[in-house]
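Quick notes on the structure that follows.
Residue numbers (our numbering), protein chains in the order written: chain L, 1 to 241; chain R, 1001 to 1241.
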């Protein structure tokens, strides 16, 4: 099976959580964001599904994955689907549900990270909501960042079979968590260093994931886009600290 | 099996999406938010799971559901679990995934609805972020509300077996969607009336769900709390219009 991944070109975004899963599993996939428009890639490829009148089960937004005839949307939902097929989640139903629960908590975390620079509207520029972004970021760094990181550190601590959060093997939720740590270090280098000081298990999980041979090969390839300020994780020094 | 539901007392909140599923299915459950503290209910019941050192797989936040020994967190994840057991989702895996995808899109919608009155921080009062709330609500009503409602109307339209969004039977995502319509009517009566004018299928889905015998009995019972301004859906007239 060759999977087809559809996501916005030019950013890692939510598509990256899917890419990390596909790469770790060594799955065959086509990333339409990386194909030129002339070859059927880019934004036009997305629009066919988002606006097409013949799509019976249309996704609300990218990323979405085409697997045979099935079109699957919502990042966590795609990972739920792939987790089972690519062995990135436990086989037992309780373990599968727990992995998904962690992924959904990561999704909540990502929304709050995004909204630090866009607290008023995703459709407005950062410059149009900079004052509000400062207020929201201040609260985020003081209250929400430690709450989320503290939670995931606790989850790691309670899984004696670690280094991941679920059982003995690395799961898709671990891949996503490592990506969040990397993104936070890009966006809020000062605050993140401070927040991770007392969270050795999260630091170790990040290192474990990015040292895995397939993930390392992917990160070193030209398929991995760099973090940048059109993305979820943005580095505005005035919001950090 | 007697399910145990844990959620904050005094509000419908995210717990309500679970309650509607349990009620529609006629499931046996104990709602700990409604039990007095002296009888092991209320906030203390929640804290045992959120802060307890012996919980192997702790939830990040309420609601969570105890089913036998399993503790399941995240609203959409709980519904994924219950959907299968209580026949509130299709049996085939593609249909189950599609129902869950809709639920996750509803979850995204709910976050944006909540953040209209709390764009800066959930830990601050509305009065402390009223100016920002006005800006965010204006954008929400102009851009996001029509985008989400337009999407769900389209989903209903593409399911010829309706009245729900998935196949011929009412799913947990339909129950949640009807609850969102009810909440929006409470929070933004003027804007919602306008937005629903051209969306007859969403209005019909709301009516269909709340006319179902078990849901009607539940809504008329004292178990159903009223919408109120400590909740996700809040009515501040200055944000509507």
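From the three backbone atoms N, C-alpha and C, an ideal C-beta is built for every residue, glycine too.
Exercise for the section: Check each candidate in 163(L), 128(L), 220(L) and name the one with the smallest Cα separation from residue 23(L). Expected result: In the first chain, counting from the first residue as 1, residue 23(L) sits at position 23. Nearest option by C-alpha distance: 220(L).
Handout entry: Cutoff 8 Å: residue 100(L) Cβ touching any chain R Cβ
Key = Sequence index remark: in the first chain, residue 100(L) carries index 100 (1-based). Yes, its Cβ sits closer than 8 Å to a Cβ of chain R.
Practice task
Give every residue of the same chain whose Cβ lies closer than 7 Å to the Cβ of residue 1173(R), excluding the five residues on either side of it in the sequence, and list them in chain order.
Solution key: Looking up residue 1173(R) in the second chain gives position 173. Contacts found: 1099, 1102, 1103, 1106, 1165, 1166.
Exercise for the section: With distances taken Cα to Cα, identify the nearest neighbour of residue 1240(R) among 1108(R), 1077(R), 1184(R). Expected result: Stepping through the second chain from its first residue, residue 1240(R) is reached at position 240. Taking only the C-alpha atoms, the option nearest residue 1240(R) is 1184(R).
Problem - Contact with chain L by residue 1157(R), beta-carbon distance below 8 Å - result: Looking up residue 1157(R) in the second chain gives position 157. By this cut-off, residue 1157(R) is not an interface position.
Practice task
Would you give the residue range spanned by the alpha helix (DSSP H) that residue 1042(R) belongs to?
Solution key: Locating residue 1042(R) in the second chain gives position 42, where the first residue counts as 1. Its alpha helix (DSSP H) spans residues 1042–1050.
Practice task
Evaluate contact between the stretch 135–145 of chain L and the stretch 35–46 of chain L, counting only Cβ atoms and requiring at least three cross-stretch pairs below 8 Å.
Solution key: no
Practice task
Within 10 angstroms of the Cβ of residue 124(L), are there 16 or more other Cβ atoms? Answer buried if so, exposed if not.
Solution key: Start at 1 with the first residue of the first chain, and residue 124(L) comes out as number 124. Exposed, because fewer than 16 other Cβ atoms sit within 10 Å of the Cβ of residue 124(L).
Handout entry: Reference residue 70(L); option with closest CA among 175(L), 3(L), 190(L), 114(L)
Key = As a position in the first chain, residue 70(L) is number 70, starting the count at 1. The option with the nearest alpha carbon to residue 70(L) is 3(L).
Practice task
Report the rounded CA-to-CA distance for residue 236(L) versus residue 8(L), giving the unit in angstroms.
Solution key: To locate residue 236(L), count along the first chain from 1; it is residue 236. To locate residue 8(L), count along the first chain from 1; it is residue 8. Using only the alpha carbons, I get a separation of about 22 Å.
Practice task
Closer than 7 Å, Cβ to Cβ, to anything on chain R: give me those residues from the stretch 128–152 of chain L, in chain order.
Solution key: 132, 135, 136, 139, 143, 151
Problem - Beta-carbon contacts of residue 1038(R) that lie in its chain and below 8 Å, excluding the five residues immediately before and after - result: Your numbering for residue 1038(R) matches position 38 in the second chain. Contacts found: none.
Practice task
Flag this pair as yes or no: are the beta carbons of residue 975(R) and residue 1209(R) separated by less than 8 Å?
Solution key: The displayed coordinates of chain R run from 1001 to 1241. Any statement about residue 975(R) would go beyond what the structure contains.
Problem - Reference residue 97(L); option with closest CA among 202(L), 86(L), 81(L), 111(L) - result: Within the first chain, numbered from 1, the residue matching residue 97(L) stands at position 97. If we check each option's Cα against that of residue 97(L), 81(L) comes out closest.
Practice task
Could you check the C-alpha separation between residue 1087(R) and residue 1170(R) for me, to the nearest Å?
Solution key: Working through the second chain from its first residue, we reach residue 1087(R) at position 87. Working through the second chain from its first residue, we reach residue 1170(R) at position 170. The straight-line gap from Cα to Cα measures roughly 9 Å.
Problem - Where residue 1209(R) sits in the DSSP three-state scheme - result: Here residue 1209(R) corresponds to residue number 209 of the second chain, with the count starting at 1. If DSSP states are grouped into helix, strand and coil, residue 1209(R) belongs with the helices.
Exercise for the section: Could you name the residues that DSSP lists as bridge partners for residue 1067(R)? Expected result: Counting from 1 along the second chain, the entry for residue 1067(R) is found at position 67. 1070(R), per the DSSP bridge assignment.
Exercise for the section: Would you list, in sequence order, the uninterrupted alpha helix (DSSP H) runs of no fewer than 4 residues that lie entirely inside the stretch 105–168 of chain L? Expected result: 130–139, 145–157
Handout entry: Where residue 1113(R) meets chain L, residues with beta-carbon distance less than 8 Å
Key = Translated into the one-based positions of the second chain, residue 1113(R) becomes position 113. The premise fails here: residue 1113(R) is roughly 13 Å from chain L at the closest Cβ pair, so nothing lies under 8 Å.
Practice task
Would you mind sorting residue 126(L) into buried or exposed? The rule is 16 or more other CB atoms within 10 Å of its CB.
Solution key: In the first chain, the residue the question calls residue 126(L) occupies position 126. It counts as exposed.
Practice task
Drop a sphere of 10 angstroms on the beta-carbon of residue 28(L), count the other beta-carbons inside from all chains shown, and report buried for 16 or more, exposed for fewer.
Solution key: By 1-based counting over the first chain, the position of residue 28(L) is 28. The residue in question, residue 28(L), is exposed, as its Cβ has fewer than 16 Cβ neighbours within 10 Å.
Practice task
Sort 1001(R), 1015(R), 1026(R), 1006(R) by Cα distance to residue 1216(R) and report the nearest one.
Solution key: Within the second chain, residue 1216(R) is the residue found at index 216, counting from 1. Among 1001(R), 1015(R), 1026(R), 1006(R), the Cα nearest to that of residue 1216(R) belongs to 1026(R).
Handout entry: Local conformation of residue 55(L) per DSSP, three classes
Key = Sequence index remark: in the first chain, residue 55(L) carries index 55 (1-based). Coil, per DSSP.
Handout entry: 7 Å Cβ shell around residue 1063(R) - same chain, five flanking residues per side excluded
Key = Taking the second chain and counting its residues from 1, the one referred to as residue 1063(R) is at position 63. Hits under 7 Å: 1005, 1006, 1007, 1014, 1015, 1018, 1075, 1078.
Handout entry: Closest residue to residue 1141(R) among 1120(R), 1188(R), 1181(R) (Cα-Cα distance)
Key = The sequence position of residue 1141(R) within the second chain is 141, counting from 1. Closest option to residue 1141(R), Cα to Cα, is 1188(R).
Handout entry: Start-to-end residues for the alpha helix (DSSP H) that takes in residue 175(L)
Key = Here the question's residue 175(L) lines up with position 175 in the first chain. From DSSP, the alpha helix (DSSP H) with residue 175(L) extends over 172–187.
Practice task
Please name the residue in 162(L), 205(L), 168(L) whose C-alpha comes closest to that of residue 181(L).
Solution key: In the first chain, the residue the question calls residue 181(L) occupies position 181. Comparing Cα positions, the closest option is 205(L).
Practice task
Taking the CB atoms as reference points, tell me whether residue 223(L) and residue 34(L) lie closer together than 8 Å.
Solution key: Within the first chain, numbered from 1, the residue matching residue 223(L) stands at position 223. Within the first chain, numbered from 1, the residue matching residue 34(L) stands at position 34. Their beta carbons are under 8 Å apart, which means residue 223(L) touches residue 34(L) by this criterion.
Exercise for the section: Give the straight-line distance between the Cα atoms of residue 1040(R) and residue 1179(R), rounded to the nearest whole angstrom. Expected result: Stepping through the second chain from its first residue, residue 1040(R) is reached at position 40. Stepping through the second chain from its first residue, residue 1179(R) is reached at position 179. When rounded, the distance between both Cα atoms is 29 Å.
Problem - Closer than 8 Å to chain L by CB, residue 1119(R) - result: On the second chain, residue 1119(R) is found 119 positions in, with the first residue counted as 1. Closer than 8 Å: yes.
Exercise for the section: Measuring only between beta-carbons, confirm whether residue 1015(R) sits less than 8 Å from chain L. Expected result: Position 15 of the second chain, counted from the first residue, corresponds to residue 1015(R). No, its Cβ sits nowhere closer than 8 Å to a Cβ of chain L.
Practice task
Determine which residues share a DSSP beta bridge with residue 7(L) and list them.
Solution key: Taking the first residue of the first chain as 1, we reach residue 7(L) at position 7. Per DSSP, none; premise fails for residue 7(L).
Problem - Range covered by the alpha helix (DSSP H) that runs through residue 17(L) - result: Along the first chain, read from residue 1 onward, the residue named residue 17(L) stands at position 17. That run of the alpha helix (DSSP H) goes 15–24.
Exercise for the section: Determine whether the Cβ of residue 73(L) lies closer than 8 Å to any Cβ atom of chain R. Expected result: Position 73 of the first chain, counting from 1, holds the residue named residue 73(L). Yes, residue 73(L) counts as interfacial toward chain R.
Practice task
Within the same chain, show all residues whose beta-carbon is closer than 7 Å to that of residue 243(L), passing over the 5 residues directly before and after it, in chain order.
Solution key: Any answer about residue 243(L) is impossible in this case: the structure gives chain L only from 1 up to 241.
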